[in-house]
Amino acid sequence: MPSSASVPLLGQPTGSRQRSLDDRWDGFKAWLHEQGAKIADKWEATKDYGKSLTPFQRGLAIAGIVIIVLLLIPYSIAVYLIYHPPVHGPGSPISVPPPAPKSPLCVSPDCVLAAASILPSLNTSVDPCDDFYEFTCGNWLYSNPIADQEVSVSTWTEIRDRRLERC
Numbered sequence: 002m003p004s005s006a007s008v009p010l011l012g013q014p015t016g017s018r019q020r021s022l023d024d025r026w027d028g029f030k031a032w033l034h035e036q037g038a039k040i041a042d043k044w045e046a047t048k049d050y051g052k053s054l055t056p057f058q059r060g061l062a063i064a065g066i067v068i069i070v071l072l073l074i075p076y077s078i079a080v081y082l083i084y085h086p087p088v089h090g091p092g093s094p095i096s097v098p099p100p101a102p103k104s105p106l107c108v109s110p111d112c113v114l115a116a117a118s119i120l121p122s123l124n125t126s127v128d129p130c131d132d133f134y135e136f137t138c139g140n141w142l143y144s145n146p147i148a149d150q151e152v153s154v155s156t157w158t159e160i161r162d163r164r165l166e167r168c
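Residue numbers (the working numbering): 2 to 168.
Dropping the structure here:
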């Protein structure tokens, strides 16, 4: 049986194969070192970027900053005025025009007829701020009972009944 020193272990390269692997490993390390040096050079070049601007480039950068500031000023004033509107009233330097005189709103015959059909439905004894539904529909509910042959009553059934009476 041969001695264990002269027999290579399974998976270990021997002789020229070992030298080939060593050469490849050394080549890989050299390549890796070159790549690291390139990355380091690029990093050093970017660190000096601000110092290498020409006077024209510096002028453009300053002009851009000035333009941005000039655009931000009206924007900030507009935002301030939106959230803090000026107060106009007695003693303010800005005079407020008086309200225009009110004109009659409902003067046409159609408007008068529509108002005449709505007014009887209002329950003016109720404050609209307390119970708006009762204010607007309170009298209509009492003056329009549901007939035995009807399931419900609405303004549409009133219109239908009036049309049927005309025919």
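In this text, a Cβ means the ideal position worked out from N, Cα and C, and glycines have one as well.
query, result
"Below 8 Å on the Cβ atoms is my contact criterion, and I expect ASN145 with LEU123 to pass it. Report the Cβ-Cβ distance as a whole number of Å.", "Incorrect: roughly 14 Å between the Cβ atoms, too far for contact."
"If you reduce the DSSP assignment to three classes, tell me which class SER153 lands in.", "coil"
"Roughly how many whole angstroms lie between the Cα atoms of CYS85 and SER77?", "The amino acid at residue 85 is misidentified as Cys; the sequence shows His. The alpha-carbon atoms of HIS85 and SER77 are separated by roughly 12 Å."
"Taking the C-alpha atoms as reference points, what is the distance between ALA148 and LEU120?", "23 Å"
"For ASN140, which of helix, strand or coil comes out of DSSP?", "helix"
"Is DSSP giving HIS34 helix, strand or coil here?", "helix"
"Could you tell me the alpha carbon to alpha carbon distance between GLU166 and VAL113, rounded to whole angstroms?", "22 Å"
"On the three-state DSSP scale, how would you describe LYS43?", "helix"
"Looking at C-alpha atoms only, which residue of PHE29, PRO102, ALA117 is the closest neighbour of VAL108?", "ALA117"
"So, for PRO75: in the same chain, excluding its five sequence neighbours on each side, which residues have a beta-carbon less than 6 Å away from its beta-carbon?", "none"
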